[in-house]
Every structure is written in C-alpha cells, then in structure tokens.
Amino acid sequence: MQIDKNHVEKREKSYDDILVANKAWAKSMTDKDKDYFKRLALGQSPDYLWIGCSDSRVPAAGVSQTDPGELFVHRNIANQIITNDSNLMSVIKYAVDYLKVKHIVVCGHYGCGGVIAAMEKNNDEYLGDWLSSIKDAYKKYKAEIEAIDNEKGRINRMCEINVERQIEKLASTSIVQHAWDKGQELQLHGWIFEIETGLINPLTDILSNPNQ
Ligand SMILES: [Zn+2]
Numbered sequence: 010m011q012i013d014k015n016h017v018e019k020r021e022k023s024y025d026d027i028l029v030a031n032k033a034w035a036k037s038m039t040d041k042d043k044d045y046f047k048r049l050a051l052g053q054s055p056d057y058l059w060i061g062c063s064d065s066r067v068p069a070a071g072v073s074q075t076d077p078g079e080l081f082v083h084r085n086i087a088n089q090i091i092t093n094d095s096n097l098m099s100v101i102k103y104a105v106d107y108l109k110v111k112h113i114v115v116c117g118h119y120g121c122g123g124v125i126a127a128m129e130k131n132n133d134e135y136l137g138d139w140l141s142s143i144k145d146a147y148k149k150y151k152a153e154i155e156a157i158d159n160e161k162g163r164i165n166r167m168c169e170i171n172v173e174r175q176i177e178k179l180a181s182t183s184i185v186q187h188a189w190d191k192g193q194e195l196q197l198h199g200w201i202f203e204i205e206t207g208l209i210n211p212l213t214d215i216l217s218n219p220n221q
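At position 90 of the sequence shown the residue is numbered 99 (the working numbering), and the sequence of numbers has no breaks.
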C-alpha cells in the first residue's frame, strides 16, 4: 500500500497534554509497582550506550523496547561520532569508564534528514559543519552510490555507509582503545532502523579490538 505523504495526519498535542500524560503515566507505573520510581532513584547501571539520530521518529527506548535504567543515551543529528565534540565524548567516557557498559550501539535510520542534507551539500550555519564528515564520505563513495538507480536507494545506502563509518571511528577513539587494552568487555554494534517497518537491521559489529 502506498502512503501519500500529504495525507499523514499529524497528532496535535498541546504543552498541557504532555504534563497531564506524565501524571497519568507516573500513576500507572506506581499502580503496577509501588516502589518503581524509588528503585530507579537508587542509581543506574545500564549495559548499553545508545548513540542515535535526533530524529523524532527514532526514540531509543521505544524502538529497542528497553526500560528506564537499561539504556544510556546520546543523540545528535545523523548519529555522528565527532571526536572534538566534548558533549559526545564525555558521554562515551562516562558510559565506558564509569558505567562500564558492555555494548555501544550506533543506530542510524533510513531516510535520515542529516544524511540527505549532507548529500545536498547543505552549508547552513552550524549544520553544514556538523555534516562535513558525511559530505566527505559521500565524495569517497560517490561511484558506489551513483550506481544505484533510484534516489531512495542512494540515500539509504549512504545512511548505511554513515553508520559503518561511525563504528570505525568509535573503535579508534582513545576511550574504546583503552577499555580494550585493559581487557574490558566492550562490543560495538552498527544498526539501522527502518521507519517504514519499525525494524532494526544490524549492519556491522566490532566485538573486540581488531588490532589484537
Ligand atoms: Zn536522522
């Protein structure tokens, strides 16, 4: 079935609706388990760090069906590993060195607006810089991408390449390298989420230091 983009209805939710829904959710959680929030408040020891896209359609906990406490999360446009971004790097540092997560997932998604903007050579303030690594990758993989005969396929392959490259970058960060050198259990996983089906497609894994 073809869905006409112009006929996708937007669910309007007011600011107040969100606060009302929060109260109802908190009540439903404590109705099921009266100590639920008291237990959560004691601390966190998640096994997973999720690095995903900021896109509103790819909620980390929702698509992975994880509960509060299970996922440490960082999201940015087009799920980039940019090693001079102190926000991202402090998240990775805290997750690996303090929380001792066992898995880092970089989850991209097909039809990513950040990837499309990079392919269109977006040069907006901040955004153009942020996407520069994807622009470089697009140049590098241009022959492979251009050989695909439809636009959706070209965009989606670029979305996959983007995830694969972020996993390589993650593996070469000093934080991940030090963890592996110490013998710490840490696996890297590159996934891509398909908004049209709700399914996660695993693309690549690095399960231990590839240089050892
Ligand atoms: Zn995206």
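The beta-carbon is built from N, C-alpha and C at its ideal position, and this holds for glycine as well. For clarity, every value in this text was computed on a predicted model and none was experimentally measured.
Residues near residue i in its chain [Cβ-Cβ closer than 8 Å; skip 5 each side]
| i | result |
| --- | --- |
| tryptophan 200 | Val114, Val115, Cys116, Gly117, Val172, Ile209, Asn210, Pro211, Leu212 |
Segment limits, beta strand (DSSP E) that includes residue i
| i | result |
| --- | --- |
| isoleucine 204 | Where isoleucine 204 is concerned, there is no enclosing beta strand (DSSP E), given that its DSSP letter is neither H nor E. |
| valine 82 | 80 to 85 |
| valine 124 | First-last for valine 124: 122 to 128, but that is the alpha helix (DSSP H), not the beta strand (DSSP E). |
| isoleucine 113 | 112 to 118 |
Beta-carbon spacing of residue i, residue j below 9 Å
| i | j | result |
| --- | --- | --- |
| aspartate 106 | alanine 180 | no |
| phenylalanine 81 | alanine 104 | yes |
| histidine 198 | histidine 112 | yes |
| isoleucine 86 | lysine 178 | no |
Where residue i falls: helix, strand or coil (DSSP)
| i | result |
| --- | --- |
| leucine 195 | coil |
| tyrosine 57 | strand |
| arginine 20 | coil |
| isoleucine 184 | helix |
| threonine 39 | helix |
| isoleucine 215 | strand |
| methionine 10 | Any reading at methionine 10 must be qualified, since the residue scores a pLDDT of 46, below 50, and its modelled position is unreliable; no value is offered. |
Close beta carbons around residue i, own chain, < 7 Å, minus the five adjacent residues each side
| i | result |
| --- | --- |
| glycine 137 | Asn131 |
| glutamate 169 | Ile201, Leu212 |
Endpoints, alpha helix (DSSP H) assigned at residue i
| i | result |
| --- | --- |
| isoleucine 176 | 160 to 180 |
| leucine 97 | 95 to 102 |
| arginine 48 | 45 to 50 |
| lysine 149 | 141 to 149 |
| valine 72 | 69 to 73 |
Minimum Cβ-Cβ distance from residue i to chain B less than 9 Å
| i | result |
| --- | --- |
| glutamate 18 | Among the chains of the structure shown, chain B does not appear; only one protein chain is present. |
Own chain partners of residue i with C-beta closer than 6 Å, once the 5 adjacent residues on each side are dropped
| i | result |
| --- | --- |
| methionine 10 | Only weak support exists for where methionine 10 lies, its pLDDT of 46 falling under 50; the coordinates are left without a value. |
Pair every Cβ in the segment 63 to 80 with every Cβ in the segment 16 to 34, then say whether three or more of these pairs are closer than 8 Å. The answer is no - the segment 16 to 34 does not touch the segment 63 to 80, with fewer than three Cβ pairs under 8 Å.
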